[in-house]
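Read through the structure below, which is laid out as structure tokens, and then see the notes.
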Amino acid sequence: MPLWVIAHTPTTFSNEEKQELAKAITTLYTKVQIPVFYVNVQFLELAPPNVYVGGDIPDKYAGITIHHIARAFDSDAAKKKFLDKVDSILTPRLKPKNMNWEYFIQQAPGDTWRMNGIVPPPTGSELEKEWLRRNKPVGEGNL
Amino acid sequence: MPLWVIAHTPTTFSNEEKQELAKAITTLYTKVQIPVFYVNVQFLELAPPNVYVGGDIPDKYAGITIHHIARAFDSDAAKKKFLDKVDSILTPRLKPKNMNWEYFIQQAPGDTWRMNGIVPPPTGSELEKEWLRRNKPVGEGNL
Amino acid sequence: MPLWVIAHTPTTFSNEEKQELAKAITTLYTKVQIPVFYVNVQFLELAPPNVYVGGDIPDKYAGITIHHIARAFDSDAAKKKFLDKVDSILTPRLKPKNMNWEYFIQQAPGDTWRMNGIVPPPTGSELEKEWLRRNKPVGEGNL
């Protein structure tokens with residue numbers, strides 16, 4: 122977590138564009154000191170006739186669900202700032218393709234999240250910094 | 122948004138049935154004056170051995186998640202009315218196939234939704250009517 | 122419902138391992154007297170370059186979303202007990218593969234869930250026991 126699921130048609134992204142977009146999304150989170158291995162990006166390729174917008178099959182398409190858990194926004198200003206950052210990633214990459222795209226954030230409480238069977242540490246905790254430094258999930262016993 | 126994700130096995134729908142079902146779902150929403158391009162329908166084909174019901178691989182299958190954002194139901198009566206309309210679409214199309222299907226609605230708040238980098242207008246607003254008339258997302262500056 | 126969506130890379134699971142894992146997940150729920158046909162398990166295969174963790178393409182990967190509806194946990198203890206059971210399924214099967222995995226539970230209210238167009242009975246009700254005995258959804262009129 123976070124997890125971005127990017128449903129798209131085959132002509133929307135090249136393989137190189139997928140890699141580059143995944144890196145940009147990852148940087149968005151690591152800038153705020155989230156362990157890099159938290160960031161999951163999945164591309165879900167839907168070929169015709171498997172995706173419809175307004176009842177028609179689009180040529181290019183990106184329907185993005187951003188799953189956030191354990192991190193609600195502190196304020197409307199913080200939320201807007203984050204969404205503006207998301208747009209700063211998506212708009213320059215998608216608008217030149219002359220296509221439509223949309224996204225929304227699906228939030229879930231963090232108390233049912235586990236990595237490798239381990240409960241991730243609280244946001245901003247010393248243990249989370251340790252996960253970031255070690256670049257992997259570590260149990261308290263492994264410190 | 123709305124977004125229907127229809128996970129299914131390869132033998133469940135023909136290409137023509139997918140197109141026809143997507144149109145019926147779209148009409149369900151446009152009847153209540155939602156801009157037609159809001160309606161996303163995705164078919165997610167899962168071939169054996171990638172889907173299980175009760176531990177067994179089904180022949181025909183449709184597991185449907187309906188994502189709604191920004192529009193909660195006003196009352197239990199409104200909710201039942203909507204679900205009955207959903208059934209009026211699904212049941213006549215799926216019951217003759219002698220198969221099982223299920224769906225549920227996953228709701229999310231609307232305040233993190235953006236289309237083409239633009240915040241969609243409030244439900245029932247003049248700007249939303251403009252989006253409906255223009256049949257595309259338009260920023261306030263583009264009116 | 123419940124619905125497990127297991128996104129994974131092609132080298133993560135063999136077909137036999139998928140079947141065996143789906144059976145283990147199903148048993149987790151049927152032990153607590155949930156009708157077996159409630160349990161849906163979907164494997165979503167994402168081949169490179171379609172999945173990224175920390176901006177890199179993983180070899181083995183399992184990103185699992187567990188959708189629960191209509192059944193919240195009564196207490197923190199009940200939640201921990203359930204998650205520990207989930208780990209007792211996943212950890213012995215995934216840890217030997219020398220890979221990372223994660224999961225979280227996405228909960229939704231149960232009041233928009235329908236199977237074959239029928240509202241599922243309340244948890245623990247006589248009608249639910251009938252569904253379990255009959256091993257299929259039955260309307261009240263069909264009893």
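In order, the protein sequences belong to chains A, B and C. No gaps in the numbering here: position 101 of the first sequence is 222 in our numbering, and each next residue is one more. No gaps in the numbering here: position 130 of the second sequence is 251 in our numbering, and each next residue is one more. No gaps in the numbering here: position 8 of the third sequence is 129 in our numbering, and each next residue is one more. The beta-carbon is built from N, C-alpha and C at its ideal position, and this holds for glycine as well.
Item	Value
Under 8 Å from the C-beta of B:K152: neighbouring residues of chain F	Absent here is chain F; the protein component of the structure consists of chains A, B and C.
Pairwise C-alpha distance: A:N221 and B:P179	35 Å
contact_flag[the segment 124-141 of chain A, the segment 140-149 of chain C] where n(CB pairs < 8 Å) is 3 or more	no
Assumed close pair C:P156, C:N237 - CB separation to whole angstroms, cut-off 8 Å	Not quite, the Cβ-Cβ distance comes to about 13 Å (not below 8 Å), so this is no contact.
6 Å Cβ shell around B:Q163 - same chain, five flanking residues per side excluded	V126
Contact the segment 164-176 of chain B vs the segment 179-198 of chain C: 3+ CB pairs below 8 Å	no
Selection of the segment 152-185 of chain A by Cβ proximity to chain B, strictly under 7 Å	L167, P170, N171, V172, Y173, V174, G175, G176 and G184
Chain C within 7 Å of B:I127, Cβ atoms only	no
Candidates B:T244, B:G260 and B:E251: closest to B:V153 by CA position	B:T244
Nearest neighbour of B:Q227, chosen from B:L149, B:I185 and B:V160 [CA to CA]	B:I185
Proximal chain C residues relative to A:A143, where beta-carbon distance stays under 7 Å	Y173 and G176
Proximity to C:T233 [Cα-Cα], best of B:W234, B:P258 and B:F225	B:F225
In chain order, each alpha helix (DSSP H) run of at least 4 residues that lies wholly inside the segment 178-264 of chain B	197-215 and 247-255
Chain-ordered residues of the segment 235-264 of chain C with a beta carbon less than 7 Å from chain B	R235, M236, N237 and G238
Cα-Cα separation between C:A183 and C:R235, rounded to whole angstroms	29 Å
For B:I155, the three-state DSSP class (helix, strand or coil)	coil
C:P169 to A:M122 span [Cα, whole Å]	19 Å
Strand pairing of A:L165, partner residues [DSSP]	A:A128
Contact set between C:F134 and chain A, taken where Cβ atoms lie within less than 7 Å	Residues of chain A passing the Cβ test: none, with the nearest at roughly 16 Å.
Own chain partners of C:Y173 with C-beta closer than 6 Å, once the 5 adjacent residues on each side are dropped	none
Contact with chain C by A:K216, beta-carbon distance below 7 Å	no
C-beta neighbour in chain B for C:Q140, strict 7 Å	yes
Rounded distance between the beta-carbons of A:V259 and A:E251, thought under 8 Å	6 Å
Residues that C:N221 contacts on chain A, provided the C-beta gap is smaller than 9 Å	F158, M236, N237, K257 and P258
Residue closest to B:K181, alpha-carbon to alpha-carbon, out of B:Y150, B:L215 and B:T133	B:T133
Span of the beta strand (DSSP E) around B:P172	In the sequence on display, residue 172 of chain B carries Val and not Pro. Run containing B:V172: V172 to V174, per the beta strand (DSSP E) assignment.
Residues near C:H189 by beta carbon distance below 8 Å, same chain, minus five either side	M122, P123, I226, Q227, Q228 and A229
Burial state of C:T147, where buried means 16 or more other Cβ atoms lie within 10 Å	buried
Cutoff 7 Å: A:I226 Cβ touching any chain B Cβ	yes
Local Cβ density within 10 Å of B:E223, reported as buried at 16 or more and exposed below that	buried
Of the residues C:V160, C:G176 and C:F158, the one placed nearest A:Y159, counting alpha carbons only	C:G176
Test item: CB-CB of B:K206 and B:L248 under 7 Å	no
Any C-beta of chain A under 7 Å from that of B:P131	no
Beta carbon proximity, C:D208 to chain A, threshold 7 Å	yes
Inter-residue Cα distance where the pair is C:K216 and B:T212	43 Å
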